[in-house]
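Reviewing the structure listed below.
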Amino acid sequence: MTKSPIFIGLSYLLLGVGFIALTFINVNQNGWGFVSFLTAFIAAVDLYVGWLNLQRGFKKKPNQSD
12 MTKSPIFIGL SYLLLGVGFI ALTFINVNQN GWGFVSFLTA FIAAVDLYVG
62 WLNLQRGFKK KPNQSD
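Using this note's numbering, you'd call the opening residue of the sequence shown number 12 and step up by one each time.
What follows is the structure, given as structure tokens:
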């Protein structure tokens, strides 16, 4: 069973927001260390993949009629 790209995109966006929150918490407690950069990178990748999946999900198929 395959999930829709919209569901996957929203899931990745939610994960990205969670990693952004973890990054903010870690930076406030410890400053910009390795873990902060790692969580920021993971958040950026998650947001990008989520955005791509949402675009793919909302893209109109050529053989689909109105």
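Quick reminder that beta carbons are idealized off the backbone N, C-alpha and C, glycines included.
Quantities reported herein were computed from a predicted structural model and do not represent experimental measurements.
Q. How is S15 classed by DSSP in three states: helix, strand or coil?
A. coil
| What's the C-alpha gap between N37 and A55? | Rounded to whole angstroms, the separation of the alpha carbons of A55 and N37 is 16 Å.
Exercise for review: Go to G68, then tell me how far its alpha helix (DSSP H) extends in each direction, as first and last residue.
Suggested key: For G68, the enclosing alpha helix (DSSP H) covers residues 45–69.
Quiz prompt | Touch test, the segment 40–51 against the segment 13–29, Cβ-Cβ under 8 Å, three pairs minimum | solution = no
Original post:
Taking C-beta to C-beta, are L25 and W62 nearer than 9 Å?
Top reply: no
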